[in-house]
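**Q** So that we are looking at the same thing, I have put the structure below in structure tokens.
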Amino acid sequence: MHFERLRLAGFKSFVEACELRIEPGLTGVVGPNGCGKSNLLEAIRWAMGEGSPKSLRGGAMDDVIFAGTAARPSREFAEVTLRLDNSARTAPAGFNDDDQIEVTRRIERGLGSAYRLNGRDCRARDIQMLFADNATGAHSPALVSQGRIGAIVAASPVERRALLEEAAGIAGLHVRRKEAEIR
Ligand code: ATP
Ligand code: MG
């Protein structure tokens with residue numbers, strides 16, 4: 028699977044709906060300070076089911092919604108869609124029926140998040156499972172954000188182990204075990 032398209036609306040500084048194509052291979056995001064590079068990466072992680080506002084540089088989940096500027100009113104919702112190319116059919120069992128997988132997360136102020144998988148409502152867990160099994164979870168080492176290299180160097184053995192498990196594609200097992208324990 029690889030990321031093919033990213034669509035955002037109302038997410039942080041990306042107030043107007045916009046769509047970006049993501050080519051295969053390594054992608055770098057460049058631009059002047061404050062133009063929204065980190066916000067883009069956070070949009071991807073958020074759509075992948077990131078549950079911690081802190082790791083999205085916010086105090087609460089609603090902080091991902093465009094907060095308004097002197098010239099523009101704030102928005103009431105944010106929506107991000109990630110389209111994945113699954114033509115190689117490497118998605119985990121249960122997700123592997125289509126050439127393309129579209130994951131959408133939407134948040135409304137005060138109402139929390141809702142997720143869709145190829146247009147159908149689903150749970151956050153389903154989305155997290157899809158990515159955790161593919162070594163591409165929201166904390167994946169494939170997404171290198173600012174300060175990340177330093178954090179890895181300074182990480183504790185336990186944190187580094189989590190990183191290795193993610194890279195090895197076995198992080199999904201923990202998600203499944205947790206889910207089994209809840210049931
Ligand atoms: P740098 O080069 O300094 O790392 P960057 O390109 O990574 O900058 P970001 O941190 O992605 O920039 O974007 C910061 C901008 O996003 C700031 O102008 C900030 O006000 C804006 N921003 C963040 N959250 C929101 C929000 N909820 N609503 C509106 N604007 C927001
Ligand atoms: Mg940045």
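Using the numbering used here, the first residue of the sequence shown is number 28, and each one after it goes up by one.
All C-beta atoms, glycine included, are put in the ideal place defined by N, C-alpha and C.
Let's see if you can read the secondary structure: which residues bound the alpha helix (DSSP H) around valine 202?
**A** That run of the alpha helix (DSSP H) goes 198 to 209.
**Q** Three or more C-beta pairs closer than 8 Å, one from the stretch 97 to 104 and one from the stretch 74 to 87: is that the case here?
**A** At 8 Å Cβ cutoff, the stretches do not touch.
**Q** With a CB to CB cut of under 8 Å and the five nearest residues on each side skipped, what residues in its chain are close to isoleucine 128?
**A** If we look at isoleucine 128 and ignore the five residues flanking it on each side, its Cβ neighbours are Met28, Arg110, Leu111, Asn113, Ala118, Phe122, Leu144, Asn145, Leu157.
**Q** Hey, is serine 40 close to ligand 2, as in C-beta under 8 Å from one of its heavy atoms?
**A** Outside the cutoff, so no.
**Q** Can you check which of these residues, Ala70, Cys45, Glu43, is closest to serine 2 by C-alpha distance?
**A** Nothing can be reported for residue 2, as the shown portion of the chain is limited to 28 through 210.
**Q** Would you identify the three-state DSSP class for glutamate 77, choosing helix, strand or coil?
**A** The answer is coil: DSSP assigns glutamate 77 none of H, G, I, E or B.
**Q** Leaving out five residues before and five after proline 51 in sequence, what residues of the same chain have Cβ atoms less than 7 Å from its Cβ?
**A** His29, listed in sequence order.
**Q** Starting from the C-beta of aspartate 126, find all residues in its chain whose C-beta is less than 7 Å away, skip the five residues before and the five after it, and write them out in chain order.
**A** Cβ neighbours of aspartate 126 beyond the five flanking positions: Asn113, Ser114.
**Q** Which class does leucine 170 belong to by DSSP, given the choice of helix, strand or coil?
**A** DSSP places leucine 170 in coil when its eight states are reduced to three.
**Q** Taking the alpha-carbon of arginine 33 as reference, which of Lys39, Glu208, Glu46 has the nearest alpha-carbon?
**A** In the sequence as presented, arginine is not what sits at residue 33; that position holds leucine. Among Lys39, Glu208, Glu46, the Cα nearest to that of leucine 33 belongs to Glu46.
**Q** Pull up the DSSP beta-bridge partners for glutamate 129, would you.
**A** Paired residues: Arg110.
**Q** Is the Cβ-Cβ distance between leucine 190 and alanine 182 less than 9 Å?
**A** Yes, Cβ-Cβ distance for leucine 190 and alanine 182 is below 9 Å.
**Q** Could you spell out where the alpha helix (DSSP H) holding glycine 177 opens and where it closes?
**A** Counting along the chain, the alpha helix (DSSP H) containing glycine 177 begins and ends at 175 to 181.
**Q** In the structure shown, what three-state DSSP assignment does serine 140 receive?
**A** Reduced to three states, the DSSP call for serine 140 is strand.
**Q** Let me confirm a value: isoleucine 92 is counted as buried when at least 16 other C-beta atoms fall within 10 Å, else exposed. Which label applies?
**A** Label assigned to isoleucine 92: buried.
**Q** Here's the rule I'm using: 16 or more other beta-carbon atoms within 10 Å means buried, otherwise exposed. How should arginine 132 be labelled?
**A** It is buried - the Cβ of arginine 132 has at least 16 other Cβ atoms within 10 Å.
**Q** Under the DSSP definition of a beta bridge, which residues are partnered with phenylalanine 122?
**A** DSSP, once it has assigned bridges, lists no residue as partnering phenylalanine 122.
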